Structures are given as structure tokens and as C-alpha cells.
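Notes for the one structure printed next.
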Amino acid sequence: MSIMSLQNVKVCFESQVILKSINLEIKRGEAFVIIGPSGQGKTTLLKTLSGLVTPQNGKVFIEQKEWLTLSFKEQLPVLRKMGILFQKNALFDSFTCIENIAFPLQELGTLTEREIEKKAEYFLDAVGMAHARDLFPDEISGGMQKRLGIARALALDPEIIFYDDPTAGLDPITAKKIIDLIIFLKNQQDSTIVAVTNDMNRAYQLADRIGMVIDGGLLMTGTPEETRNHPDLRVQQFIHGNLTGPLNAMT
Ligand SMILES: Nc1ncnc2c1ncn2[C@@H]1O[C@H](COP(=O)(O)OP(=O)(O)OP(=O)(O)O)[C@@H](O)[C@H]1O
Ligand SMILES: [Mg+2]
-14 MSIMSLQNVK
-4 VCFESQVILK
6 SINLEIKRGE
16 AFVIIGPSGQ
26 GKTTLLKTLS
36 GLVTPQNGKV
46 FIEQKEWLTL
56 SFKEQLPVLR
66 KMGILFQKNA
76 LFDSFTCIEN
86 IAFPLQELGT
96 LTEREIEKKA
106 EYFLDAVGMA
116 HARDLFPDEI
126 SGGMQKRLGI
136 ARALALDPEI
146 IFYDDPTAGL
156 DPITAKKIID
166 LIIFLKNQQD
176 STIVAVTNDM
186 NRAYQLADRI
196 GMVIDGGLLM
206 TGTPEETRNH
216 PDLRVQQFIH
226 GNLTGPLNAM
236 T
């Protein structure tokens, strides 16, 4: 059963068409990974699926509800089931690491202060940041900020998690560990994942299905195995980092 879907969705910013006639169904419990060259609309697609970007045309369904027809009050219970890691992390600069994780939990209003602290500590530790507990975001490295953003999204036990570039700026070993953790928690909580990454090793590690945003469209490339063997030249050029042919204009 689909948990989110886009039907004939078109997204424009000012007069620029970013995505045109996108059709996509995300199944409950799957890990869907979006790949594609920079600036083509991966973040825009992720934000459209999570209801944060309003398309000019088409329909967005989240949990079978037609998203754009709902009031904010009707959207709220669904939004509470979502966790988002933004590409730029969107951390609270004036909060310490532990406070960054604790704050959304306090906002939920369902846990005691002690429970919140324990949970925040658990997730800080899970991303290897226990030592940075009382530091502020500008006192930690870029990779640590990314891990903090992930811990903050995960601590909400979301049913649907959106990760925009979760391993950007991480070294290969930390990147693999972070994806291991994301998969471990996904299996434990039976959640649904939509992730953007251009790190093909991590895409293969995480994905049930992969789709590539290119030329305003979404090219479904299939399972990791199918993606590796995909006949479309643009896919092969992209996954092998080979910028000859049509992608040459990007260099
Ligand atoms: N809020 C916005 N207002 C205007 N233009 C936007 C906005 N968000 C995105 N764009 C434009 O839409 C296009 C796609 O942007 P998007 O961020 O989705 O790309 P991306 O594939 O995620 O790129 P990257 O790999 O660099 O993160 C870009 O040309 C960008 O400038
Ligand atoms: Mg992006």
C-alpha cells in the first residue's frame, strides 16, 4: 500500500519549471533513494513528497489524504509522524547538541524531562557524538553537524523519515556507519524512508528502489542491481561519474 504518492506533479519556482509530470508511489516500509545531478530537483522532490513544497499542478497524497486540500490542523497529526533531515541540517544555533535533540521531543509533550534526556543521550551516542553533548553547533565539524541532524530526526521515532544528503561531508567509514544505523532503526521501527544521496555506494546499501531526477523528470531506475545495469546512458554516466556526452554542459 502506498504511504505517499505524487500524481502528475509539476513544480515551478518563479517561471522556471523544475519538475514536470512526476508520478511516484512510495510504499509503506520501503527505502526509496533519489539520485541525480546537482540542481536538478532532488531536494525539491523530497520536499514535495513531505508536503513542504506546493506544486503548481497535480496531486500529492500522504497517507491516502489529498494533502493540499487539508487544513493545517488536519495535516498536523501526519506531520508528527515525519522526521526530516534537511540538506543544511537546520540546527538551532543557540542550543547545545543535546538540546537540539531534546527540543522537538519537548514540543511533542508526551515524555517526561528525564525520558527526554535519556532518549536524547541515546541518539547522541548512536551517532558517535556523546562527547559533544554540551557543545554548540558552530563548535562542531560539518560532519558532526550532519550526524546531529540525523540524531534529531531519528529521536522522534518517525514513521516516515526524509533524509536529504545524510552522508554529505562524512568520511567513508562514518558514512557507512550512519547508513547502518539508519537501516537498523528502519528495521526496528518498520519505518518508511525517502533519502537523497549522490553517494552511490550508500544508495545501493540503503535503497529498495532508486529513482533519478534528471531533465525535469523522474527516471525510475529500479533496485540497486537494476540501477547498476540500467540501459539509459544518463544513468550509466551518472553512476560512474563519467561526465562525457549530454552531462558535459554541467562541468
Ligand atoms: N525555494 C526556491 N526558490 C527558487 N528556486 C528554487 C528554490 N528551491 C530550489 N530552487 C531551484 O530549483 C532547482 C532545483 O533545486 P534543488 O535544490 O531541488 O536541486 P538538488 O537536485 O537538490 O541539487 P543539489 O544536489 O545541489 O542539492 C535549482 O535550480 C534551484 O535553484
Ligand atoms: Mg539538494
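Numbering-wise (my numbering), the sequence shown opens with residue -14 and increments by one.
We put the beta carbon where it would ideally sit given N, CA and C, even for glycine.
On a predicted model such as this, the values are computed, not experimentally measured, just so you know.
Separation of I178 and G14 (C-alpha to C-alpha, rounded to the nearest whole angstrom) is 7 Å. According to the DSSP assignment, D165 belongs to the alpha helix (DSSP H) that extends over 157 to 174.
Under the three-state reduction of DSSP, R194 is assigned to strand. Per DSSP, reduced to three states, the secondary structure at Q1 is strand.
Non-local C-beta neighbours of S35 in its own chain, meaning closer than 7 Å and more than five positions away in sequence, comprise M67, I69, F147, ordered along the chain. 9 Å or more divides the Cβ of Q1 from the Cβ of I199.
In this structure, K27 has its CB closer than 8 Å to one or more heavy atoms of ligand 2. In the DSSP assignment, I83 falls within the unbroken alpha helix (DSSP H) covering 82 to 93. Ranked by how close their Cα comes to the Cα of S126, the residues G154, A111, W52 have G154 in first place. At the C-beta level, Q91 and I83 stay beyond 9 Å of one another.
DSSP places K104 inside the alpha helix (DSSP H), whose first and last residues are 98 to 111.
Restricting attention to F(-2), L30, C(-3), the CA atom closest to the CA of L9 is found in L30. Taking the Cβ of D200 as the reference point, every heavy atom of ligand 1 lies at 8 Å or farther away. Residue state for M185 is assigned as helix, using DSSP reduced to three classes. In this structure, L30 has its beta carbon less than 8 Å from a heavy atom of ligand 1. Around K(-5), the same chain offers V2, L4, K5, S6, I7, P40, Q41, N42, G43 as residues with beta carbons nearer than 8 Å, after the five sequence neighbours per side are excluded.
For K58, the secondary structure class from DSSP, reduced to helix, strand or coil, is helix. Here R132 is buried: its Cβ has 16 or more other Cβ atoms, across all protein chains shown, within 10 Å. Boundaries of the beta strand (DSSP E) around V45: 42 to 47. Taking C-alpha positions only, I19 is separated from H116 by approximately 33 Å. The three-state reading of DSSP puts K73 in coil, since its state is none of H, G, I, E or B. Straight across, the Cα-Cα distance linking I167 with F108 is about 11 Å. For D110 and A136, the gap between their C-alpha atoms comes out near 9 Å. Not one heavy atom of ligand 2 is found less than 8 Å from the C-beta of D184. G196 counts as buried, since no fewer than 16 other beta carbons sit within 10 angstroms of its beta carbon. M205 and Q190 have their alpha carbons spaced roughly 17 Å apart.
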